[in-house]
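A.B. asks: Oh and the sequence shown: position 34 is 33 in numbering that gives the first Met the number 0, straight run, nothing missing. Sharing a structure below in structure tokens format, with a few things to ask.
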Amino acid sequence: MPNTVIAERFMPMFIVPFVLQHIIPYIAINIFRERIYGRFINQIELLNNNAERNGFASMALCCLLIDTMYKFEHGSIATNYNEVKYEEMLMTHLGDVFFSLDVARAFYKGIRCGILHSGETQNGCMLSVTCNHIIEVRGCGLNTKINVNVIDFSN
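Below, the structure is given as structure tokens:
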């Protein structure tokens, strides 16, 4: 066969483009899905079975999941975004929840940075399992504070 080479695991050359275009992306998607579900979504669901006790850990995983999705979207290994990029990402991808810059900023500073860097929510922001909405807003502008319903947010 003139199109056969002894390389690429002895595959005929016409198969190599097929593998690169169809098989490898399929494998990559499955690896991505397993990683996201195994590390984050399945664990969040388990924690939410007792959200009153585990809400803090559940929200910490939600914040890490958002960070991970940002990294995948931008091809980044290190966390190289700043507050502005994070807030833009929240409003772009989760605009129904983060409907204003004030709300996105309150989440970034009070929930995400508070939990991941200090081990507690900050700036008057709180986690809840009983608020009526995913995010309840208190105040406005630089004084915006939010309550986040952990169960609704993680769903």
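Heads up, the beta-carbon is just placed ideally off N, CA and C, and yes, glycines get one too.
For the putative contact between Cys130 and Asn148, defined by C-beta atoms under 8 Å, what is the C-beta separation to the nearest angstrom?
C.D. replies: Yes, they are in contact, since the Cβ atoms of Cys130 and Asn148 sit about 5 Å apart, within 8 Å.
A.B. asks: Inspect the beta-carbon positions of Ala59 and Leu115 and report whether they are closer than 9 Å.
C.D. replies: yes
A.B. asks: Hey, is the stretch 121 to 128 in contact with the stretch 42 to 56, meaning 3+ C-beta pairs nearer than 8 Å?
C.D. replies: yes
A.B. asks: Could you check if Ile133 is buried or exposed, using at least 16 other CB atoms within 10 Å of its CB as the buried criterion?
C.D. replies: Buried.
A.B. asks: Going residue by residue through the stretch 81 to 133, where are the continuous beta strand (DSSP E) segments of at least 3 residues, counting only ones entirely within it?
C.D. replies: 125 to 127
A.B. asks: Do Ala105 and Thr143 come within 9 Å of each other at the CB atom, strictly closer than that value?
C.D. replies: At a Cβ-Cβ threshold of 9 Å, Thr143 and Ala105 count as neighbours.
A.B. asks: Specify the secondary structure class of Asn146 as computed by DSSP and reduced to three states.
C.D. replies: strand
A.B. asks: Going by DSSP, what residue range makes up the alpha helix (DSSP H) through Leu63?
C.D. replies: Ala50 to His73
A.B. asks: Give me the Cα-Cα distance between Phe152 and Tyr25, rounded to the nearest whole angstrom.
C.D. replies: 29 Å
A.B. asks: Run the CB neighbour count on Cys61, radius 10 Å, all protein chains shown included, and call it buried at 16 or more, exposed below.
C.D. replies: Burial is judged here by how many other beta carbons sit within 10 angstroms of a residue's own beta carbon; Cys61 has at least 16 and is buried.
A.B. asks: Nearest CA to the CA of Tyr85: which residue from Ser117, Tyr69, Leu141 and Phe39?
C.D. replies: Tyr69
A.B. asks: Relative to the alpha-carbon of Val96, which residue among Asn122, Val136, Ile23 and Glu82 has its alpha-carbon at the smallest distance?
C.D. replies: Val136
A.B. asks: Just the C-alpha distance for Gly109 and Ile23, rounded to the nearest angstrom, thanks.
C.D. replies: 40 Å
A.B. asks: Near Arg111, what residues of its chain come up, given a Cβ to Cβ distance below 6 Å and the 5 sequence neighbours on each side ignored?
C.D. replies: Cys62
A.B. asks: Apart from the five residues on each side of it in sequence, which residues of its chain come closer than 6 Å, Cβ to Cβ, to Ile150?
C.D. replies: Asn47, Ala50 and Val128
A.B. asks: Can you find the residues in the same chain that come closer than 7 Å, C-beta to C-beta, to Glu82, ignoring five residues on each side of it along the sequence?
C.D. replies: Only Tyr107 meet the Cβ criterion.
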